[in-house]
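One point on numbering: in UniProt numbering, the residue at position 357 of the sequence shown is 357, and numbering is uninterrupted.
We treat Cβ as the ideally placed atom computed from N, Cα and C, and that holds for glycine.
Predicted model, so just to flag it, every value in this text is computed and none were measured.
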Amino acid sequence: MARNRPMSRSRTVIYIACGIVAGAVLSFLCIPLETGCGLDSYVHVGTKRKTSAVDMIDYGTDENGNQLNDEDFEPVLMTANKPIVKKDIDRQRLIRMRYISSELQIKEKLFVGVMVSREEIDLESTTVGINKTLSHFVNKLVFFTKINTEQSPNGITVIAFPGEQVNVRMFQIWKYIYEHHGSDYDWFLVIQDDTYIYGEVFSEFLAHMSVGRDLYMGVPIHEAEMDVTFCSRDAGYMLSRNLLEKVGPYWEDCMRKSWNNVPDLEFGRCIQDHTNTRCSTNYEGSTFYAYDFQDKVLTDKEKNDVDFQKALTIYHVMDTRTMYKLHKYFSEQSLSQTLKQISDLQQNIEEISEFAPGGKAKVTWPVGLKSPYKPASRFDVMAWEYFSMTHIYGLDDSEPKSPLIGANKQDIDEILTTTMARLNELHGNIYMLGRLLNGYRRFDPNRGMEYTLDMELKLHGDKREVLKRVHLLRPLNKAEIVFMPYVTEYTQVTIIVPVVSGSQEHVRTFLDNYARTCLETRDKSAVMLIFIYTPTEALSMATEDIYSVNKGYVSYLERKYPGSHLSWISVKTSLPSPIAIMDVVSKKFASDTLFLFTNAYMELVAEFLNRVRMNTIAGWQVFFPIPFSQYDPKIIYTDSPNPNRIDISKTAGHFDTYLFEHASFYNSDYMNARKLWDEKHPGSETDHIQSDLDLFEMFLSTKLHTFRAVDPALKLHYHLRICQPSLKEEQYQRCLEGRAEGLASKSQLAMLVLEQQQKLATEKVNI
Numbered sequence: 001m002a003r004n005r006p007m008s009r010s011r012t013v014i015y016i017a018c019g020i021v022a023g024a025v026l027s028f029l030c031i032p033l034e035t036g037c038g039l040d041s042y043v044h045v046g047t048k049r050k051t052s053a054v055d056m057i058d059y060g061t062d063e064n065g066n067q068l069n070d071e072d073f074e075p076v077l078m079t080a081n082k083p084i085v086k087k088d089i090d091r092q093r094l095i096r097m098r099y100i101s102s103e104l105q106i107k108e109k110l111f112v113g114v115m116v117s118r119e120e121i122d123l124e125s126t127t128v129g130i131n132k133t134l135s136h137f138v139n140k141l142v143f144f145t146k147i148n149t150e151q152s153p154n155g156i157t158v159i160a161f162p163g164e165q166v167n168v169r170m171f172q173i174w175k176y177i178y179e180h181h182g183s184d185y186d187w188f189l190v191i192q193d194d195t196y197i198y199g200e201v202f203s204e205f206l207a208h209m210s211v212g213r214d215l216y217m218g219v220p221i222h223e224a225e226m227d228v229t230f231c232s233r234d235a236g237y238m239l240s241r242n243l244l245e246k247v248g249p250y251w252e253d254c255m256r257k258s259w260n261n262v263p264d265l266e267f268g269r270c271i272q273d274h275t276n277t278r279c280s281t282n283y284e285g286s287t288f289y290a291y292d293f294q295d296k297v298l299t300d301k302e303k304n305d306v307d308f309q310k311a312l313t314i315y316h317v318m319d320t321r322t323m324y325k326l327h328k329y330f331s332e333q334s335l336s337q338t339l340k341q342i343s344d345l346q347q348n349i350e351e352i353s354e355f356a357p358g359g360k361a362k363v364t365w366p367v368g369l370k371s372p373y374k375p376a377s378r379f380d381v382m383a384w385e386y387f388s389m390t391h392i393y394g395l396d397d398s399e400p401k402s403p404l405i406g407a408n409k410q411d412i413d414e415i416l417t418t419t420m421a422r423l424n425e426l427h428g429n430i431y432m433l434g435r436l437l438n439g440y441r442r443f444d445p446n447r448g449m450e451y452t453l454d455m456e457l458k459l460h461g462d463k464r465e466v467l468k469r470v471h472l473l474r475p476l477n478k479a480e481i482v483f484m485p486y487v488t489e490y491t492q493v494t495i496i497v498p499v500v501s502g503s504q505e506h507v508r509t510f511l512d513n514y515a516r517t518c519l520e521t522r523d524k525s526a527v528m529l530i531f532i533y534t535p536t537e538a539l540s541m542a543t544e545d546i547y548s549v550n551k552g553y554v555s556y557l558e559r560k561y562p563g564s565h566l567s568w569i570s571v572k573t574s575l576p577s578p579i580a581i582m583d584v585v586s587k588k589f590a591s592d593t594l595f596l597f598t599n600a601y602m603e604l605v606a607e608f609l610n611r612v613r614m615n616t617i618a619g620w621q622v623f624f625p626i627p628f629s630q631y632d633p634k635i636i637y638t639d640s641p642n643p644n645r646i647d648i649s650k651t652a653g654h655f656d657t658y659l660f661e662h663a664s665f666y667n668s669d670y671m672n673a674r675k676l677w678d679e680k681h682p683g684s685e686t687d688h689i690q691s692d693l694d695l696f697e698m699f700l701s702t703k704l705h706t707f708r709a710v711d712p713a714l715k716l717h718y719h720l721r722i723c724q725p726s727l728k729e730e731q732y733q734r735c736l737e738g739r740a741e742g743l744a745s746k747s748q749l750a751m752l753v754l755e756q757q758q759k760l761a762t763e764k765v766n767i
C-alpha cells in the first residue's frame, strides 16, 4: 500500500498538466488571426510615426508610401454619416389640480334650471318660493328669464334669454347649461316656475341611481306619427351628464331645424335622433313620479293620496303660499321619519346591549351618545357652575357671583321651558313650575352641556308641592364643513398705525422691525402712520413738530428701500378713536384694500400678516385678534434683566381680552358697516365715538362674520393704557380693569405687596 502512494500522486499531476495544455491549445485555436469588430463605418485610420519592421498583416501604406501596422490605428467615431442623436427627454412639469375632486373627476350631484314664465321676479312670486325651499338641497340653482332684470332678489342667480319663441328659448337654455356647467354635475334637471320639489327626497332618489349612463328621465309622452317619446316639461325632466355630452354639440342644429309648436316634442326628437335615447320613467328600480296639483288644495284627502306621497315633483302650484304649505308638510313628514329612526336605533341599542360586554350598565345616557369625559388627573376635572333664577356662580374667578343675563339667561330659560314641556308630556300635563331650587351645568367636551335641576313643582288643582331632580343634555352637533370663499396669502396688507405723543421711540422700533420683516423680504404690505396732534400740539407743529424725527426716519427708509409703500398723514383731534381715524383713512384707498389696524407696540412677524390675509375675507368676515400683552417689565423683571423680547408664558404676560383695537377688514366692508352704523345712530358725531369697542360693535351690527380669537403671533410690548374720563361709564370701568390686569399676574402682584410690606416693616424697626 505504501509503494502505490507515489504512483497515485504522479497520476494526479499528469491529469492536471494535461488539462492545462489542452486548455491553452483550445484558446489559441479560438483566437482569430484578424480582429474585425464591425466598426468599419465608424473608424478611420490615423497615422503615427512608429512602424513595425515585420507585419503579418498588410495594413497598406500612408500618403507618403510608408508601411502601416496595427499600432498606427487610432479609433475615431464617425458622426458624418450617422450623427449622434441626442435623446430629448420630455420632462414637462406635472400640472396638478387645485382640488383633489377635480383631479379624480368627482362631480357635483345636481344642477337645477328653472324656466321663469313671469316677466318680473318679486318677493311674492313662485320663483322666490322655489329658491327658498330648494336652493339649500341642490348644488346649483339657476333661473332663466325672458327679459333682462336689473334688480333681482338677493341670493338668486338669474340668466336672461330674451324672446317669445319657446322652442328657441328652451334650446338656448340647454346650450348654456352644456357650455357652462356640462362637465361639473352628474344630473341636470329643468322645471317650470310652478313646480315644487322637496330637495331631500329628490336627493335620496338620485343617490340610488348610477352615473355614467345615457338617461333622459321624466313623465314620458309618446307621439305616434313621429314615433318620438319625449318628457313633459310641466312635470320636469332630467338628463345625465353622459347624455348631455353626446347631444350637447347638436343643440344649435336642432334649434334651427325645430318647426313644431311643442317644445317638449322638439327637445325629445333631438335627443332621439342623435343618441337614440327615449324618455323613460323607470331606471334601475327607481321611478320618476310627478303629481298634478292643478285646482287643488292641501287637504287630508291629498295627504292620504298614494300618488301625492310618492311624487318627486308637484307641478301647477300657482302661488307661493301653497308652495310654502307643501314644504312645511313634507318637512314635518321628514322630521317624523327621522325621529322614528332615532327611536328605533335607540331601542335596538338597548336590546343588543344585553348581550354585549358589560351588559345594559354600559349603555350611555342618552342612548347612542358618547360616554362622559373621563379626566386623566384632578387638574382635568370639569367644574360645575351653579345657577339660580337670577344669578350664576363660578363663571369668572374675578367675579364669583354674576347676574344671569344675556346668553346665559336665554340658555337657562330654554332649559326650564324644555323641562316643563317634557314632564307634562310624560305625566299628563299636571305640573306647574314653582321655583328652581338648585341648578348645575358643565360642559363635557365629548357630549355637550350637561344640566342638573332641582325643581319645586306645583300640581294643577292641588296645593301640594313636588320636588323633582331632572338631568338634561344639550348635545354637540356633528362638525360641518362651512363654505368659505377662497383666499390666498398674496394679498397686500395696509397697516394703519396711529401715533400719539409719547410713543415716538416705539415708532422707531416698529419701523425697524417692519423693515426687517417686510421690506427686506419684499413682502406685499404697506404702512401708513397716523400722527395725531392735540389742539395744543397742532399750534406749535410749524415751529416744533413733535414727530419730526419719525417723519425723517420714514423718508430715510423710503430712500433705502426703493419701491416701499411708506406714508404718513397728520390728524388733529383731542379724542382719537379707531372709527374717527378710519373715517379719514378709508377715503384715501380703494374699496378692495385690506386694512390692519394696530399700534406701534406690536412685534411684527410675517406669520401674523399671513394669518390676517387668511382670516379676513371681503364681504364675508372681519378679524379681531386677541393679542398677548406683556406685563410691566419693572415688576416682572426686578430680579433678572429685561430680555427685550416677549415669550409667551404666564409670568411674561397674558392674552388681553379687553383690547379690541387690533382689527383687520376690507375697506368696502368698513364703508358699508359705517353707513349702517350712521343709520342706526342718527345724529351721532365722530367725536362721541371714543372707544375701540365701538369698532367691534359696529361690525357686529352687520351681517359679516366677526372672527375673534387669540393669536400667539400678535405680541404687544407693555405700555401704560390711558383711560379717558369722558368715556361711557361701562367703557371707562372696562378700561380701568384692563389696565389693572395688564400690570402683572396676581401672584406677582402679591409678591410685590409682600416685599413692600417687609421693606416697610424693616424700615420701621430700624427707626
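| task | Can you say whether K175 is buried or exposed, counting buried as having 16 or more other CB atoms within 10 angstroms of its CB? | result | By the neighbour-count rule (16 or more Cβ atoms within 10 Å), K175 is buried.
| request: Leaving aside the five residues before and after D396 along the sequence, list all residues of the same chain whose C-beta is less than 8 angstroms from its C-beta, in chain order. | output: Correct list, in chain order: S402.
| the region 624-643 in contact with the region 559-573 per 3-pair CB rule at 8 angstroms | Result no; under three Cβ-Cβ pairs closer than 8 angstroms.
| Can you give the Cα-Cα distance for I20 and S27, rounded to whole angstroms? | Spanning the two alpha carbons is a distance of roughly 11 angstroms.
| message | Going by the DSSP bridge assignment, what does L459 pair with across the sheet? | response | L459 is bridged by DSSP to Y431.
| Residue closest to F655, alpha-carbon to alpha-carbon, out of E505, L714, A235, P562 | The shortest C-alpha separation from F655 is found at L714.
| When we look at the beta-carbon of F143 and count the other beta-carbons within 10 Å, is it buried (16 or more) or exposed? | F143 should be labelled buried.
| Beta-carbon proximity check, K634 vs S745, cutoff 8 angstroms | Cβ distance not < 8 angstroms, so K634 and S745 don't count as in contact.
| query | Roughly how many whole angstroms lie between the Cα atoms of T616 and F665? | reply | About 6 angstroms.
| message | What does DSSP give as the partner residue(s) for D344 in the beta ladder? | response | The partner list for D344 (beta bridge, DSSP) is empty, contrary to what the question assumes.
| Along the chain, where does the alpha helix (DSSP H) that runs through T275 open and close? | 263-275 is the span of the alpha helix (DSSP H), which, as asked, contains T275.
| message | Assuming contact is defined by CB atoms lying nearer than 8 angstroms, are M217 and F288 in contact in what I supplied? | response | Taking 8 angstroms as the Cβ cut-off, M217 and F288 qualify as a contacting pair.
| request: Under 8 angstroms by Cβ, that's how I've got L594 and T494 pegged, so tell me the actual separation to the nearest angstrom. | output: Indeed they touch by this definition, with Cβ atoms about 6 angstroms apart.
| request: Could you work out which residue in L265, M255, K257, E200 is closest to K226 when comparing CA atoms only? | output: Rather than Lys, the amino acid found at residue 226 in this sequence is Met. It is L265.
| Beta-carbon proximity list for Q346, same chain, < 6 angstroms, skipping 5 on both sides | Contacts found: V367, G368.
| Nearest-angstrom Cα distance between Q504 and Q756? | Across the structure, Q504 and Q756 are spaced so that their CA atoms are roughly 33 angstroms apart.
| Span of the alpha helix (DSSP H) around V612 | In the DSSP assignment, V612 falls within the unbroken alpha helix (DSSP H) covering 606-615.
| said: I want to know whether the region 541-561 touches the region 509-522 - three or more CB-CB distances under 8 angstroms. | reply: In this structure the region 541-561 lies against the region 509-522, because at least three pairs of beta carbons, one per stretch, are closer than 8 angstroms.
| query | Do A600 and V499 have their C-beta atoms closer together than 8 angstroms? | reply | Against a cut-off of 8 angstroms, the Cβ pair of V499 and A600 comes out as a contact.
| C-alpha gap between N261 and N167, whole angstroms | Whole-angstrom Cα-Cα distance: 7 angstroms.
| message | With the cut-off set at 8 angstroms, would you say S640 and S591 are in Cβ contact? | response | Not closer than 8 angstroms, so no.
| Is DSSP giving K107 helix, strand or coil here? | Coil at K107, not helix or strand.
| query | Is it the case that the CB of D411 approaches a heavy atom of the ligand ADP more closely than 7 angstroms? | reply | Judged by which ligands are present, the structure shown has none, so any question about the ligand ADP falls away.
| task | Kindly indicate which residue of S371, L609, R442, T543 has the alpha-carbon position closest to the one of Y393. | result | Closest option to Y393, Cα to Cα, is R442.
| field | Inter-residue spacing [alpha-carbon to alpha-carbon] between R734 and Y658 | value | C-alpha separation (whole angstroms): 7 angstroms.
| query | The beta strand (DSSP E) spanning T494 covers which residue range? | reply | Start and end: 493-499.
| Proximal residues to Y670 (C-beta, below 8 angstroms), its chain only, five neighbours per side dropped | M582, S586, F595, listed in sequence order.
| field | Residue nearest to E737 in terms of C-alpha spacing, selected from C723, S747, V605, A750 | value | Nearest of C723, S747, V605, A750 to E737, Cα basis: C723.
| query | How big is the Cα-Cα spacing for V497 and P682? | reply | Each residue's Cα considered, the two are about 29 angstroms apart.
| field | Collapsed DSSP secondary structure at A526 in the structure displayed | value | The answer is strand: DSSP assigns A526 an E or B state.
| query | Per DSSP, what kind of secondary structure is G212 in: helix, strand or coil? | reply | DSSP places G212 outside both helix and strand once states are collapsed to three, so it counts as coil.
| Inter-residue Cα distance where the pair is A750 and E399 | Computed Cα separation, rounded: 18 angstroms.
| Three-state secondary structure (DSSP) of H717 | Here H717 sits in coil by DSSP.
| request: Give the DSSP-derived three-state secondary structure of L473 in the structure shown. | output: If DSSP states are grouped into helix, strand and coil, L473 belongs with the strands.
| query | Of all the beta strand (DSSP E) runs that stay within the bounds of the region 394-425, which reach a length of 3 or more residues? | reply | Fully enclosed beta strand (DSSP E) runs of 3 or longer: 399-403.
| Would E480 pass as a contact of P578 if the rule is Cβ separation under 8 angstroms? | No, they are not a contact pair.
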